[in-house]
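First the structure, in the form of structure tokens, and then the observations on it.
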Amino acid sequence: VRSDVDGGTGTKACRERMRREKLNDRFSELCAVLQPGKPVKTDKLAILADAIRALNQLKADTQEYTEMNERLLEEIKSLKAEKNELREEKLTLKADKEKIEQQLKTTSVSPIGFMPAHPPLYQAEVNKVPMFPNYGFVPMWHYLPQSTRDTSQDHELRPPAA
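Be aware that the sequence shown starts at 1, since it is given in UniProt numbering, and climbs by one per residue.
Written out as structure tokens, the structure is:
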């Protein structure tokens with residue numbers, strides 16, 4: 001009769017043994033989660049201390065990530081504001097550019113590097129070679145020989161005309 005009582009699940013001792021086995025299994029699972037790849041500890045206090053340390057580390061990491069997320073959100077806001085300012089400035093500059101281009105078109109200024117033709121002072125006669133005003137004032141001194149360009153002896157070679 002005694003083995004029947006001990007083997008039954010209804011006795012208090014048997015229920016307590018089942019509870020302890022279940023609790024030990026949970027501690028083993030917790031140890032395996034906290035330190036994967038290491039042998040399972042049997043000291044329940046050490047397992048609980050590891051669990052507390054891991055939870056505190058996770059809590060600190062969570063706080064750090066929350067603060068970092070807030071900083072990044074603030075930076076995103078400031079970058080968006082700066083982007084909008086730059087976009088407005090770009091539109092303003094485009095409008096100014098178009099305005100200046102319109103003013104240039106209306107003032108009909110000749111392009112840079114173009115010299116307008118000077119009106120001839122006299123009309124060329126039929127048998128004379130006409131002037132070509134489109135050549136403008138092109139400097140020709142650099143085509144002269146060096147001896148002709150040297151002006152250091154002019155006061156001796158060519159007396160003043162006056």
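Beta carbons: idealized from backbone N, C-alpha and C, even for Gly. This structure is a prediction, so every number in the text was calculated from the model and none was measured.
Check, Outcome
"With 16 other Cβ atoms within 10 Å as the buried cut-off, status of I47", "buried"
"Cα-Cα separation between K59 and Y65, rounded to whole angstroms", "10 Å"
"Q102 (DSSP reduced to helix, strand or coil)", "helix"
"With 16 other Cβ atoms within 10 Å as the buried cut-off, status of V5", "Because V5 sits at a pLDDT of 48, beneath the cut-off of 50, its placement in the model cannot be relied upon, and the point is left open."
"Three-state secondary structure assigned by DSSP to A46", "helix"
"Cα-Cα separation between S152 and T107, rounded to whole angstroms", "47 Å"
"Extent of the continuous alpha helix (DSSP H) to which L30 belongs", "12-34"
"Inter-residue CB distance, L72 and D50 (contact presumed, cutoff 8 Å)", "At roughly 32 Å, the Cβ-Cβ gap does not stay under 8 Å, so L72 and D50 are not in contact."
"Where the alpha helix (DSSP H) through S152 begins and ends", "Run containing S152: none; DSSP gives neither H nor E here."
"Spatial neighbours of A54 in its chain, beta-carbon cut-off 8 Å, leaving aside the 5 residues before and after", "L34"
"C-alpha distance - L144 paired with K105, whole-angstrom precision", "41 Å"
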